[in-house]
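In the order they appear, the protein sequences are chains A and B. Numbering-wise, the first sequence is residues 11 to 477 according to this note's numbering. Numbering-wise, the second sequence is residues 756 to 806 according to this note's numbering. Quick reminder that beta carbons are idealized off the backbone N, C-alpha and C, glycines included. No experiment lies behind these values; they were computed from the predicted model shown. Below: one structure, written as structure tokens.
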Amino acid sequence: MTAKLLDGSAQAIAAAVKTGVVSALEIAQSTLKRIESHNRALGAFTDVTAGRALAKAAEIDAARARGKSLGPLAGAPFAVKNLFDIEGLSTRAGSKINRDRAPAKTDATIVARLEAAGGVLMGALNMGEFAYDFTGENAHDGPSRNPHDLEHMSGGSSGGSGAAVAGGLVPIALGSDTNGSIRVPSSLCGLFGLKPTYGRLSRAGAFPFVASFDHVGPLARSAGDLALAYDAMLGRDDGDPAQADMAATLASPTLDDGVTGLRIARLGGYFAHSGEASAFAAVDRVARALKADRIVELARADVARSSAYLITMVEGAALHLERLRTRVGDFDPDTRDRLIAGAMLPGAWAAQAQKFRRRFRAEALALFRDVDILLAPATPCRAPKIGQRTFTLDGREMLVRPNLGLFTQPLSFIGLPVVVAPVWTDGEKLPIGVQIVTAPWREDLALRVASALERAGVVRAPVATLA
Amino acid sequence: MDAVAPLLGLTLTPESRAQTALHLSIAAQQAEKLFSIALDDAEEPAPVFTA
Numbered sequence: 011m012t013a014k015l016l017d018g019s020a021q022a023i024a025a026a027v028k029t030g031v032v033s034a035l036e037i038a039q040s041t042l043k044r045i046e047s048h049n050r051a052l053g054a055f056t057d058v059t060a061g062r063a064l065a066k067a068a069e070i071d072a073a074r075a076r077g078k079s080l081g082p083l084a085g086a087p088f089a090v091k092n093l094f095d096i097e098g099l100s101t102r103a104g105s106k107i108n109r110d111r112a113p114a115k116t117d118a119t120i121v122a123r124l125e126a127a128g129g130v131l132m133g134a135l136n137m138g139e140f141a142y143d144f145t146g147e148n149a150h151d152g153p154s155r156n157p158h159d160l161e162h163m164s165g166g167s168s169g170g171s172g173a174a175v176a177g178g179l180v181p182i183a184l185g186s187d188t189n190g191s192i193r194v195p196s197s198l199c200g201l202f203g204l205k206p207t208y209g210r211l212s213r214a215g216a217f218p219f220v221a222s223f224d225h226v227g228p229l230a231r232s233a234g235d236l237a238l239a240y241d242a243m244l245g246r247d248d249g250d251p252a253q254a255d256m257a258a259t260l261a262s263p264t265l266d267d268g269v270t271g272l273r274i275a276r277l278g279g280y281f282a283h284s285g286e287a288s289a290f291a292a293v294d295r296v297a298r299a300l301k302a303d304r305i306v307e308l309a310r311a312d313v314a315r316s317s318a319y320l321i322t323m324v325e326g327a328a329l330h331l332e333r334l335r336t337r338v339g340d341f342d343p344d345t346r347d348r349l350i351a352g353a354m355l356p357g358a359w360a361a362q363a364q365k366f367r368r369r370f371r372a373e374a375l376a377l378f379r380d381v382d383i384l385l386a387p388a389t390p391c392r393a394p395k396i397g398q399r400t401f402t403l404d405g406r407e408m409l410v411r412p413n414l415g416l417f418t419q420p421l422s423f424i425g426l427p428v429v430v431a432p433v434w435t436d437g438e439k440l441p442i443g444v445q446i447v448t449a450p451w452r453e454d455l456a457l458r459v460a461s462a463l464e465r466a467g468v469v470r471a472p473v474a475t476l477a
Numbered sequence: 756m757d758a759v760a761p762l763l764g765l766t767l768t769p770e771s772r773a774q775t776a777l778h779l780s781i782a783a784q785q786a787e788k789l790f791s792i793a794l795d796d797a798e799e800p801a802p803v804f805t806a
């Protein structure tokens with residue numbers, strides 16, 4: 011019975027813990043056994059916080075025994091990308107260099123909020139070095155692997171988050187998304203992933219990459235769990251100066267409201283090229299299910315992508331310049347050379363890109379006067395093989411590492427909220443995701459659409475079968 | 756590259772040089788696309804500081 015619960019949702023685990031069908035301690039112990047059995051193959055966890063998890067689970071059981079009311083995530087295991095501060099651990103952010111940092115004194119804000127809702131932290135997850143990656147590969151810790159085919163990439167940079175959830179080690183994981191690092195692994199591992207609006211969730215205690223674009227959010231195996239985790243993490247936090255002063259709109263209460271009345275269109279132009287047929291077929295299937303036959307254009311998305319690319323290079327290099335000077339030999343070479351190049355770019359390029367960003371945002375907001383939901387592919391292809399350096403899109407050979415995010419990057423450039431929903435095709439071993447995009451601050455709508463698609467059986471996120 | 760690296764206090768190894776050059780050329784392609792758009796002098800950049 012515990013195994014079935016671990017393959018199910020966090021919501022179901024919390025319900026079972028609250029009603030005493032299972033104890034939080036049993037869930038935590040079984041989760042630790044799963045991690046022990048499968049983590050070597052998946053490369054998902056870099057630190058397992060077993061003692062903390064068992065203590066927290068025992069605390070939840072004791073609270074229940076005393077008749078206390080339990081939180082919405084009571085006893086549900088979760089894990090976090092290793093750029094989030096966890097008290098007592100050095101926040102490595104996928105790097106060798108950061109292992110020399112002093113252990114964190116407190117948890118990152120959203121880690122603490124999930125625990126306050128009853129979640130049980132199981133540990134820290136593998137990621138691309140300093141989050142500059144879409145593959146899930148890591149020169150120091152080894153790659154996180156796609157649970158649906160271990161020879162293939164998990165996607166990154168939140169690769170361990172994708173591997174842990176799709177592999178059934180935890181039902182919910184936290185990731186970060188600067189240019190697509192939640193959405194790419196969600197697509198490649200077949201998960202629901204939420205990149206909220208820029209400024210929505212607190213980034214306090216998350217190691218930064220590109221302050222202009224850094225977002226944090228959850229990955230899960232159901233839209234319901236995504237909404238539950240998102241709701242638990244909402245709320246003002248003075249620790250993140252970029253957080254907007256917006257009212258917290260819960261997503262769970264309206265999750266089952268359906269799509270009637272929503273104006274839904276698919277993105278054409280840039281978002282209908284430079285991908286394999288599978289990427290567009292997934293969007294077709296979702297659009298058909300939603301009866302969305304309208305196609306709209308987000309003009310100059312290619313320039314948006316170029317601008318995001320340049321700002322990322324420049325801000326990323328500025329963040330790491332001192333480390334490049336003093337510890338260049340300790341970087342992953344793939345990260346190092348992109349950062350060095352970024353340090354050499356003219357400042358005028360980044361300044362112009364920030365000016366274009368405001369223009370592009372205005373054009374996108376105008377589009378949302380006539381439409382509520384936009385659909386787009388999440389990745390240009392299913393998961394490439396681990397170690398694959400290039401792929402060919404529209405007849406052009408390109409590097410895999412920066413280009414897996416070519417459909418995600420223009421959207422995070424202007425901070426739009428996006429839910430990725432996973433599509434499976436009969437006979438295929440690997441899934442691919444579709445982006446459900448809304449106007450700023452309407453995460454609730456994107457989650458509603460994902461939930462409707464899930465109930466209709468159009469999208470789903472099964473646990474992988476592992477040997 | 757050779758002029759800017761010492762200015763930044765960076766050392767380029769032979770291994771790093773070729774890849775850095777590749778990434779600079781990719782960035783230059785992106786910049787070319789960006790500068791193909793005419794932006795008015797008065798247009799504000801996205802991050803606006805509030806005192």
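Three-way DSSP call (helix, strand, coil) for residue i in this model
| i | result |
| --- | --- |
| Q253 of chain A | coil |
| P432 of chain A | strand |
| D382 of chain A | coil |
| Q445 of chain A | strand |
| R470 of chain A | coil |
| P263 of chain A | helix |
| R367 of chain A | helix |
| F94 of chain A | strand |
| R193 of chain A | helix |
| P387 of chain A | strand |
| F281 of chain A | helix |
| P800 of chain B | coil |
| F88 of chain A | strand |
| A216 of chain A | strand |
| M243 of chain A | helix |
| K205 of chain A | strand |
| I792 of chain B | coil |
| P450 of chain A | coil |
| T766 of chain B | coil |
| S222 of chain A | coil |
| K14 of chain A | helix |
Bridge-paired residues (DSSP) for residue i
| i | result |
| --- | --- |
| G200 of chain A | Its beta-bridge partners do not exist; DSSP assigns none. |
| T402 of chain A | A:E407 |
| M163 of chain A | A:R155 |
Range covered by the alpha helix (DSSP H) that runs through residue i
| i | result |
| --- | --- |
| L763 of chain B | 759–763 |
| P427 of chain A | First-last for P427 of chain A: undefined, no H or E at that position. |
| V175 of chain A | 169–176 |
| T775 of chain B | 769–789 |
| A456 of chain A | 453–465 |
| K395 of chain A | It is not in any alpha helix (DSSP H) - K395 of chain A carries neither H nor E in the DSSP assignment. |
| S19 of chain A | Per DSSP, S19 of chain A belongs to no alpha helix (DSSP H) and is neither H nor E. |
| L421 of chain A | 419–422 |
Run of the beta strand (DSSP E) containing residue i, from where it starts to where it stops
| i | result |
| --- | --- |
| L131 of chain A | 130–135 |
| A230 of chain A | 225–230 |
| R276 of chain A | 274–277 |
| I182 of chain A | 182–187 |
Nearest neighbour of residue i, chosen from the options [CA to CA]
| i | options | result |
| --- | --- | --- |
| D250 of chain A | A:R102, A:S317, A:A118 | A:A118 |
| F417 of chain A | A:G285, A:D340, A:A25 | A:G285 |
| V381 of chain A | A:V313, A:V306, A:I424 | A:V306 |
| P420 of chain A | A:P432, A:P181, A:T389 | A:T389 |
| D151 of chain A | A:Q362, A:G178, A:A393, A:D57 | A:D57 |
| R155 of chain A | A:N49, A:A376, A:I424 | A:N49 |
| S191 of chain A | A:D224, A:R210, A:L211 | A:D224 |
| D159 of chain A | A:Q21, A:V313, A:R392 | A:R392 |
| A242 of chain A | A:L211, A:D17, A:G278 | A:L211 |
| F804 of chain B | A:S222, A:A174, A:P113, A:R213 | A:S222 |
| F88 of chain A | A:G172, A:P387, A:V338 | A:G172 |
Complete runs of the alpha helix (DSSP H) confined to the segment 297–352 of chain A [at least 4 residues]
Listed in chain order, the alpha helix (DSSP H) runs fully inside the segment 297–352 of chain A are 311–336, counting runs of at least 4 residues.
Minimum length 3: unbroken beta strand (DSSP E) runs contained in the segment 31–81 of chain A:
When DSSP assignments are scanned along the segment 31–81 of chain A, the uninterrupted stretches of beta strand (DSSP E) that are 3 or more residues long and fall wholly within it turn out to be 55–58.
So within the segment 97–126 of chain A, which uninterrupted beta strand (DSSP E) runs reach at least 3 residues, ignoring any that extend past its ends?
Within the segment 97–126 of chain A, complete beta strand (DSSP E) segments of at least 3 residues are not found at all.
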